[in-house]
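Novice: Numbering (the numbering used here), first residue to last: 30 to 767.
(1) Pull up the CB-CB distance for residue 507 and residue 572, whole angstroms please, since I reckon it's below 8 Å.
(2) Run through DSSP, which three-state label would residue 626 get?
(3) Per DSSP, residue 412 forms a beta bridge with which residues?
(4) How far does the beta strand (DSSP E) with residue 632 in it reach, from first residue to last?
(5) Within its chain, find whatever has a CB closer than 7 Å to the CB of residue 460; leave out the 5 residues flanking it on each side and keep chain order.
(6) Whole angstroms are fine: how far does the CA of residue 332 sit from the CA of residue 319?
(7) Answer yes or no: do residue 702 and residue 714 have a C-beta to C-beta separation smaller than 8 Å?
(8) From which residue to which residue does the alpha helix (DSSP H) around residue 734 run?
(9) Would you call the stretch 673-685 in contact with the stretch 617-630, where contact means no fewer than 3 C-beta pairs closer than 8 Å?
(10) Could you spell out where the alpha helix (DSSP H) holding residue 352 opens and where it closes?
(11) What does the alpha-carbon distance come out to for the pair residue 773 and residue 322?
(12) How far does the alpha helix (DSSP H) with residue 481 in it reach, from first residue to last?
(13) Identify which residue in 466, 542, 747 has its Cα closest to the Cα of residue 627.
(14) Beta strand (DSSP E) containing residue 430: first to last residue?
(15) Express the C-alpha separation of residue 146 and residue 667 in angstroms, rounding to a whole number.
(16) For residue 749, which residues from the same chain have a beta carbon less than 6 Å from its beta carbon, with the 5 sequence-adjacent residues on both sides left out?
(17) Would you give the residue range spanned by the alpha helix (DSSP H) that residue 687 belongs to?
(18) Going by C-alpha to C-alpha distance, which of 682, 637, 608, 636 sits closest to residue 650?
(19) Can you tell me which residues form a DSSP beta bridge with residue 153?
(20) Taking Cβ positions, are residue 747 and residue 447 nearer each other than 8 Å?
(21) Please check the pair residue 637 and residue 499, which I expect to be a contact at CB under 8 Å, by giving their CB distance rounded to whole angstroms.
(22) Give the secondary structure of residue 465 by DSSP, where H, G and I count as helix, E and B as strand, and everything else as coil.
(23) Can you give the Cα-Cα distance for residue 718 and residue 368, rounded to whole angstroms?
(24) Which residue or residues does DSSP assign as beta-bridge partners of residue 251?
(25) Can you grab the Cα-Cα spacing for the pair residue 104 / residue 110, in whole Å?
(26) Using DSSP with H/G/I as helix, E/B as strand and the rest coil, what is residue 48?
(27) Mind reading off the beta-carbon distance from residue 578 to residue 431? Whole number of angstroms is fine, and I expect it under 8 Å.
(28) Starting from the Cα of residue 759, find the closest Cα among 492, 67, 584 and give me that residue.
(29) Between 562, 603, 536, which lies nearest to residue 494 when the distance is taken from Cα to Cα?
(30) Verify whether the separation of the beta carbon atoms of residue 474 and residue 754 is less than 8 Å.
(31) Might you give, ordered along the chain, the residues of its own chain that have their beta carbon closer than 8 Å to the beta carbon of residue 660, omitting 5 neighbours on each side?
(32) May I ask which residues mark the beginning and end of the beta strand (DSSP E) holding residue 496?
(33) Output needed for residue 294: all residues of its chain with C-beta closer than 7 Å, excluding positions within five of it in sequence on either side, in chain order.
(34) Quick one: give me the first and last residue of the alpha helix (DSSP H) that residue 716 is part of.
(35) Buried or exposed for residue 480, going by 16 or more other Cβ atoms inside 10 Å?
(36) Which of the three DSSP states, helix, strand or coil, is assigned to residue 668?
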């Protein structure tokens, strides 16, 4: 048994005791060899000082398990110092050659250690291999006991002790301490003997291993009726290996009686030799249950034992990079939206639970086993430094443990638009500019929190410096965003627009485009938006309610008609609809901004109740609304290159023009029931998430798209408005508030 194996089970207090005993042994040897307790201050004391100070201290306390190159350097420098501190007896080759050989050995090994330190982090394969070879040489040739043995041999040769007694006792000291390690060997022997007689040392045999389900599962046929609790640790004296160790999962009945499914686990190296000894006390092919004391020793070093409280199940077949299927072993508070975690290699990957289904499979002959299988979508690997998820591009190993993430109260992060349910993992807006320029849709039924989310996004965009033009049929935005809305100023602006809509409203012209008051309304809106977008830098929010604006339009040339005995000439005038006013606003914004191209968001149109402002062609009230919707859509399509985009909010996805919806690269999908809406959203968020939309809770949404900080669709709980405002405004200050 080497140094690492002997010391690995010895605690530091025990190693300290060994150190004291070794020092006492060295003093005794010094007394027997030189007739005095204290070591000599001449060259004859070299063996004592170098061995006691540098080697035993280092070996037993500092580096009991392995020697790093940095440690080896300190030992080699100490050895060189000791050698060079004493003169050689003569300058003959007989005396000089051993000294030069030892000095050469020390300098050569120092060079090896330096090579490891320089090349250990190199990506070059050759340099990396050189560094690894240097580490192995430093561990084996630079360890304290080896260097100590060199010093002992050098001292015996170089300083030619005066009597056989001195030679004998110093040689015994070197042999015992450097080579044999008697205290460690005796300690290990005593420990093994004690373990044989300790009542709890031998695991109680509970059954034999009858089958393996690769990878990582095996079946134990139980001998008695005693119930093995899930989470118990079972040790198997395997026929083909020293041992197998696993954790009990569940029972099922077979032709031979009760069978226990056991998940095989890997244990750290420091526990390996102890488990080998325990396995020797179990009959070959049988399994024993570890006692609590043994379980406690392993628990802190093995993930599934340490976190068995949150253990949920194991990875099932058909799992792919984007989907996790897992067999549920313990149904602990699992529900749609909760997060589960498993390992892909050494990486912790998070998935969001989407659904569950009952399954049944044949275990032996006609015996069946029923279980629940969960389905989860990949969220990714959490990057704590960047506070975002990164995708994982591989799959977990079959039968890998799956854990349910603990419920956490979210920290209020100003950058978070929401949190993964029951966790503190926030999801934010990756780019507010792309939220606008690549357009965003908020879709869901009435009363689930769409407008509150939209108002939050509007506030974020105002703080980002984007000019917001809200087309609001509900009159909600002026109230909810009153901190940013100059009511008196905007009332004056709206009064001018309303007056313009009344100017010449009953007049017709030979040119239909000039008839009615719509051209006056258009001019007033143009002037208002021009001041807002290009001149007024102090205001960031403009709100229009198209239903509150009135104007007329002439669609045909005037015609003559007879009224009584008189001939008259006239043309019909029609009321301008909210859809047409929406087009006027959108096209005006485009014309004002298209002089300068920009990747940054400059202005954002908010379509509240979008199904009434930009309706689908089969939902329009007139052909004029169809033309107006096409005009608004064209302005949105062309606006991206000039920093113009839209935020679209609707409860009727089927009734909104798909020309604009298809341009929305970011989507917040909230509770939705209609099949048309779910079918449309499945193209964005995937069919699995779309099918879960009818069961989403209030203030929950499936968030996905270009502006999301997560690259996969995620189900999130949205911010409460009061929490958001307290956190966001405190972090940003009130500089932009009126």
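From the three backbone atoms N, C-alpha and C, an ideal C-beta is built for every residue, glycine too.
No experiment lies behind these values; they were computed from the predicted model shown.
Specialist: So, from the data block:
(1) 5 Å
(2) coil
(3) 417
(4) 632-637
(5) Only residues of its own chain outside the window of five on either side were considered, and among them 736 have a CB closer than 7 Å to the CB of residue 460, listed in chain order.
(6) Between the alpha carbons of residue 319 and residue 332 lies a distance of about 17 Å.
(7) no
(8) Counting along the chain, no alpha helix (DSSP H) covers residue 734; the unbroken beta strand (DSSP E) around it starts and ends at 729-734.
(9) yes
(10) No alpha helix (DSSP H) holds residue 352; the beta strand (DSSP E) holding it covers 352-357.
(11) Lying before the first or after the last residue shown, residue 773 is absent from the chain, which here runs from 30 to 767.
(12) 479-492
(13) 466
(14) 430-433
(15) 59 Å
(16) none
(17) Note, residue 687: alpha helix (DSSP H), 687-690.
(18) 608
(19) Beta-bridge annotation (DSSP): residue 153 is not paired with any residue.
(20) Yes, Cβ-Cβ distance for residue 747 and residue 447 is below 8 Å.
(21) At roughly 7 Å, the Cβ-Cβ gap stays under 8 Å, so residue 637 and residue 499 are in contact.
(22) When DSSP states are grouped into helix, strand and coil, residue 465 belongs to the helix group.
(23) 15 Å
(24) 236
(25) Taking C-alpha positions only, residue 104 is separated from residue 110 by approximately 10 Å.
(26) helix
(27) Actually they are not in contact, since the Cβ atoms of residue 578 and residue 431 sit about 57 Å apart, beyond 8 Å.
(28) 492
(29) 562
(30) no
(31) Within the same chain, residue 660 has close Cβ partners 612, 615, 616.
(32) Bounds of the beta strand (DSSP E) holding residue 496 are 496-500.
(33) 274, 275, 276, 331, 333
(34) Looking at the DSSP string, the run of the alpha helix (DSSP H) that includes residue 716 is 716-720.
(35) Residue 480 is buried by the Cβ-count criterion.
(36) helix
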